[in-house]
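Residue numbers (full-length UniProt numbering), protein chains in the order written: chain Y, 1 to 383; chain R, 1 to 383. Note sheet for the following structure.
Listed below in structure tokens is the structure:
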């Protein structure tokens with residue numbers, strides 16, 4: 001096994017911490033918002049059909065694929081039919097499926113999603129990165145696959161605007177490159193004003209979606225949207241990986257969508273998340289005025305910059321039972337003084353307490369720096 | 001994508017056929033035997049805990065891993081603790097996880113399981129095969145991984161006896177090779193007299209297990225049993241593939257095992273399968289006396305030999321709405337006049353009807369051969 005392959009920093013943190021910790025580290029949705037009762041009802045109905053316990057097709061349940069296709073048509077202005085949807089075991093599985101089917105190098109945004117980077121590394125893919133669209137063109141060719149999170153990017157929280165989307169799609173097509181566009185946060189738009197994916201105007205595109213952030217992640221159901229000729233290439237790979245995504249889980253979502261208005265539920269989540277984000281942002285402004293950030297317009301994170309070594313900061317915080325993510329882990333090979341803070345999976349009380357802990361640690365670090373400076377200054381004076 | 005990568009013959013058949021067909025092709029368990037009511041109860045209980053819908057650990061649920069470890073201790077005489085079990089999304093996923101962690105060529109039995117072969121091919125692994133244990137030693141070294149199904153092999157239905165298991169474990173250790181031992185059918189022993197896995201005495205071994213054949217496959221929960229130091233190498237790979245196996249599905253099995261005696265259920269399945277196997281065997285003896293086979297002592301298939309081109313036979317049968325599998329697909333690159341017949345997923349009526357259809361096709365083929373022979377004979381006489 002490559003020495004490069006280390007377990008992800010975040011997973012290692014999550015393994016260590018327990019209920020005594022305040023965690024801003026993971027990307028866990030607020031489980032109080034799970035439509036538990038509705039899922040229970042959908043599950044009882046799904047289990048009435050014995051087929052829910054039997055093997056099923058690698059492609060995925062047709063009725064569920066039809067409903068997912070309708071999200072694209074009705075909500076994203078992106079005409080799609082059920083043959084253009086492949087069900088995956090969570091969106092994470094899409095990387096492995098797609099990158100076994102196409103033989104390309106990978107180009108990622110910097111910073112980027114850790115789970116994607118891990119998947120690319122396990123597959124021994126050559127990874128390049130870009131931070132500005134203007135520098136991207138030089139990296140693209142017909143042996144490249146660009147990986148983007150277009151909406152409320154993890155970790156940076158930024159989204160591409162309409163002009164950028166046009167520039168990107170033209171650039172990708174001109175270079176005959178592939179695009180993997182990760183739509184994990186597309187529907188977590190606090191204004192419920194969903195943007196059309198870049199993929200719509202890209203010839204060789206894979207758009208990834210998931211029920212994890214908008215319903216519940218524990219069922220592990222996601223999907224790939226691509227044109228039929230590309231889906232055909234993925235089917236055999238998907239089959240070789242796990243035969244198919246759990247039948248019961250697909251039928252639960254299918255039943256859930258039969259009985260409920262998903263987009264009403266999404267509005268409910270977005271309202272809750274926006275309020276929590278604003279509360280955390282207010283705490284940051286109040287307790288850590290030196291923290292430079294913009295309030296995100298969607299997603300699950302606040303991302304910003306501090307004047308210190310944030311890896312060191314995260315390690316000290318962990319000893320004080322607070323978990324945060326130093327942004328260094330989201331870069332290929334670069335130091336960073338940014339941090340990522342998740343606001344969805346803590347209570348209001350935990351958010352305020354956590355930010356206070358962070359503020360105190362920063363004060364201590366500042367005091368220590370000052371004391372080191374004074375010692376050096378004194379010794380210089382004495383010398 | 002490699003041109004070698006074609007969708008599996010069996011999946012293609014399964015895509016074509018509908019309820020009008022009699023299918024001896026798949027490896028589907030009898031869904032009438034699923035403990036549906038017990039799974040419904042376990043699911044209701046599991047869903048009471050909101051954690052069932054949340055992300056969970058890549059390792060898998062600890063309480064479930066403990067129960068699986070106890071199967072090894074109590075039923076297979078193979079001391080195992082929960083740290084030696086990694087939960088997978090079906091047993092199929094184990095191939096991908098393990099073979100990304102170890103860089104070896106693969107040695108398979110011939111014939112072998114199609115799903116494993118597909119996985120090895122997608123990973124571009126070099127595959128060698130052996131048909132006799134005596135020829136295996138020359139193929140093994142410390143860059144080899146041997147893949148075996150020790151009990152009621154798919155498709156051949158044969159098992160290794162105690163002496164062979166000893167010879168194999170010594171041979172594998174001596175060559176410092178890896179072993180992947182597939183236990184998919186281990187508990188489908190009609191005498192409920194489960195054999196200790198070869199893995200017990202192999203230093204670098206992975207033993208694969210699954211709930212698919214003994215409870216229900218639609219939930220996609222399997223596992224890898226290996227020593228802790230090997231499991232540690234697999235964790236990061238598992239995480240990169242799908243983060244973790246569906247939380248709910250793990251909790252359903254955990255609850256199911258809390259409330260039910262799994263091995264009583266297994267005895268019930270085995271009694272049913274043995275009866276069905278004997279019925280199909282009796283039909284074969286009666287209608288196709290030329291079919292050479294041995295009655296299997298476990299598993300889900302009857303395997304045997306005919307005096308004809310069985311790929312041609314299977315294609316003719318498919319036109320008459322009967323699906324069987326010509327054994328050619330189970331070999332790396334070899335013709336075969338064997339066929340595999342699944343008996344678990346058809347009714348008694350379908351079994352008799354299907355064997356009669358097969359018998360009639362064989363008579364037609366024989367008549368045709370005879371008529372061609374006579375035509376040639378006549379023309380020779382005339383000449």
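All C-beta atoms in this analysis are idealised placements derived from N, C-alpha and C, irrespective of residue type, glycine included.
Which word fits residue i, buried or exposed, when buried means at least 16 other C-beta atoms lie within 10 angstroms of its C-beta?
i: residue 59(R); result: buried
i: residue 414(R); result: Missing from the structure shown is residue 414(R); chain R here goes from 1 to 383 and no further.
i: residue 380(R); result: exposed
i: residue 338(R); result: buried
i: residue 22(Y); result: buried
i: residue 103(R); result: exposed
i: residue 214(R); result: buried
i: residue 269(R); result: buried
i: residue 56(R); result: buried
i: residue 65(Y); result: buried
i: residue 342(Y); result: buried
i: residue 73(R); result: exposed
i: residue 13(Y); result: buried
i: residue 385(R); result: No information on residue 385(R) is available, as it lies outside the stretch 1 to 383 that chain R covers here.
i: residue 79(R); result: exposed
i: residue 252(R); result: buried
i: residue 140(R); result: buried
i: residue 374(Y); result: exposed
i: residue 18(R); result: exposed
i: residue 291(R); result: buried
i: residue 245(Y); result: buried
Could you check whether residue j and residue i sit closer than 8 Å to each other, using their CB atoms as the reference points?
i: residue 324(R); j: residue 358(R); result: yes
i: residue 247(R); j: residue 51(R); result: yes
i: residue 259(R); j: residue 42(R); result: yes
i: residue 31(R); j: residue 250(Y); result: no
i: residue 344(R); j: residue 29(R); result: yes
i: residue 173(R); j: residue 142(R); result: no
i: residue 237(R); j: residue 365(R); result: no
i: residue 263(R); j: residue 37(R); result: no
i: residue 313(Y); j: residue 67(Y); result: no
i: residue 266(Y); j: residue 377(Y); result: no
i: residue 93(R); j: residue 241(R); result: yes
i: residue 26(Y); j: residue 154(Y); result: no
i: residue 116(Y); j: residue 147(Y); result: yes
Using a Cβ-Cβ cutoff of less than 6 Å, which residues in the same chain neighbour residue i once the five nearest sequence positions on both sides are dropped?
i: residue 198(Y); result: 150, 165, 168, 169, 181
i: residue 9(Y); result: 329
i: residue 100(Y); result: 237
i: residue 136(Y); result: 130
Determine whether the Cβ of residue i lies closer than 8 Å to any Cβ atom of chain Y.
i: residue 227(R); result: no
i: residue 214(R); result: no
i: residue 38(R); result: no
i: residue 323(R); result: no
i: residue 240(R); result: yes
i: residue 61(R); result: no
i: residue 28(R); result: yes
Does any residue of chain R have a CB that is nearer than 8 Å to the CB of residue i?
i: residue 217(Y); result: yes
i: residue 186(Y); result: no
i: residue 53(Y); result: yes
i: residue 248(Y); result: yes
i: residue 89(Y); result: yes
i: residue 268(Y); result: no
i: residue 119(Y); result: yes
i: residue 237(Y); result: yes
Ignore the nearest five residues each way along the sequence and tell me which others in residue i's own chain have a CB closer than 8 Å to its CB.
i: residue 15(R); result: none
i: residue 243(R); result: 55, 58
i: residue 185(Y); result: 149, 151, 152, 153, 154, 213, 298, 299, 300
Can you list, in chain order, the residues of its chain with a C-beta nearer than 7 Å to that of residue i? Leave out the 5 residues immediately preceding and following it.
i: residue 233(R); result: 101
i: residue 20(Y); result: 321
i: residue 216(Y); result: 34, 39
Contact between the stretch 281-292 of chain Y and the stretch 351-362 of chain Y (3+ Cβ pairs under 8 Å) = Two segments are said to touch when three or more pairs of C-beta atoms, one from each, lie closer than 8 Å; by this definition the stretch 281-292 of chain Y touches the stretch 351-362 of chain Y.
Could you tell me whether the stretch 218-230 of chain Y touches the stretch 88-95 of chain Y, using the rule of 3 or more Cβ pairs below 8 Å?
-> Contact holds: three or more Cβ-Cβ distances are below 8 Å.
Check whether the stretch 328-338 of chain Y touches the stretch 94-114 of chain Y, counting contact only when three or more Cβ pairs, one atom from each stretch, lie closer than 8 Å.
-> Touching, yes, given that three or more Cβ pairs across the two stretches are closer than 8 Å.
Counting pairs of beta carbons, one from the stretch 269-282 of chain Y and one from the stretch 296-313 of chain Y, are three or more of them closer than 8 Å?
-> Yes, the stretch 269-282 of chain Y is in contact with the stretch 296-313 of chain Y.
Looking at C-beta atoms only, is the number of pairs between the stretch 201-215 of chain R and the stretch 170-190 of chain R that lie closer than 8 Å three or more?
-> Counting Cβ pairs under 8 Å, three or more are found: they touch.
Pair every Cβ in the stretch 154-163 of chain R with every Cβ in the stretch 120-128 of chain R, then say whether three or more of these pairs are closer than 8 Å.
-> Touching, no.
Compile a chain-ordered list of the residues in the stretch 91-106 of chain R whose CB is closer than 7 Å to at least one CB of chain B.
-> This model lacks chain B altogether; the protein chains it does include are Y and R.
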